[in-house]
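Keeping their order, the protein sequence lines are chains A and B.
The first sequence runs 662 to 775 under my numbering.
The second sequence runs 303 to 415 under my numbering.
By construction, the Cβ of each residue, glycine as well, lies at the ideal position given by its N, Cα and C atoms.
Working notes for the structure below.
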Amino acid sequence: GENVEQHPSTLSVQEGDSAVIKCTYSDSASNYFPWYKQELGKRPQLIIDIRSNVGEKKDQRIAVTLNKTAKHFSLHITETQPEDSAVYFCAAPKDGGATNKLIFGTGTLLAVQP
Amino acid sequence: DTGVSQDPRHKITKRGQNVTFRCDPISEHNRLYWYRQTLGQGPEFLTYFQNEAQLEKSRLLSDRFSAERPKGSFSTLEIQRTEQGDSAMYLCASSLQGQETQYFGPGTRLLVL
């Protein structure tokens, strides 16, 4: 089965700086890697995802990179803003993605200081 | 609101009582998932349905837990003889078969006293 590790557990940056969160996974058959943002007391919301047939995907200030050989993927947020403050979770499919059951990392609390 | 909805949003109960939660997925989504999230952790997979069929249950789901999706639309999660360790946020998500994206509901926060 899949195992997902996420680092760091907390990250504090100044507004305008970049933030990078890294995850590793164990199942080489995994083919889909979403990132969720969860604000305090709210539901996890998908912010970006990547499939194993590409190495990078960007959406405005957010990007995700995937290194299949090393089995790790990273979330990059540029020009951070206070509203980016939240807990971010990476995930990978259990059993290589056959049924889309997700295994989540332990989360990164991002604090953007104004 | 056409997103995933859950009811109730909060539940406080005494140890030993039974509780039932409801999840209404996005209407055309045929896959429905239940997760549990404790403070400081990511969601943990509990079980999932494809239409009305429950296809997998996690080992986290003890015999006191049961989930149903009788008509392939809404789902219920029941916890019998609740324990303090059951206190958590119970999240429901749905997706369309063939598409990976899971959309989460707001969750039901359970506190067992």
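Close Cβ partners of residue i (< 8 Å) along its chain, the five nearest in sequence each way excluded
i, result
"Leu357(B)", "Tyr350, Phe351"
"Asn332(B)", "Gln352, Asn353, Gly374, Leu398, Gln399"
Where residue i sits in the DSSP three-state scheme
i, result
"Glu663(A)", "coil"
"Glu700(A)", "coil"
"Pro372(B)", "coil"
"Glu354(B)", "coil"
"His401(B)", "Before going on, a small fix: residue 401(B) reads as Gln here, not His. It is coil, neither helix nor strand."
"Asp388(B)", "helix"
"Glu740(A)", "coil"
"Asp720(A)", "strand"
"Asp365(B)", "coil"
"Asp678(A)", "coil"
"Lys762(A)", "coil"
Inter-residue spacing [alpha-carbon to alpha-carbon] between residue i and residue j
i, j, result
"Val674(A)", "Ala747(A)", "12 Å"
"Lys683(A)", "Ile381(B)", "35 Å"
"Val715(A)", "Phe694(A)", "11 Å"
"Arg704(A)", "Gln721(A)", "22 Å"
"Ala690(A)", "Lys316(B)", "43 Å"
"Cys751(A)", "Val321(B)", "30 Å"
In DSSP terms, what residue i is bridged to
i, result
"Ala690(A)", "Partner(s): none; Ala690(A) has no beta bridge."
"Asn728(A)", "His733(A)"
"Lys313(B)", "Leu412(B)"
"Ser307(B)", "Asp326(B)"
"Lys683(A)", "His668(A), Ser735(A)"
Cβ shell of residue i (< 7 Å), same chain only, five flanking positions each side left out
i, result
"Ser389(B)", "Leu412, Leu413, Val414"
"Thr403(B)", "Ser397"
"Arg366(B)", "Ile381, Gln382, Arg383"
Close beta carbons around residue i, own chain, < 6 Å, minus the five adjacent residues each side
i, result
"Pro327(B)", "Val306, Leu334, Ser396"
(request) Specify whether the region 703-716 of chain A and the region 311-318 of chain B touch according to this definition: at least 3 beta carbon pairs, one from each stretch, less than 8 Å apart. (result) no
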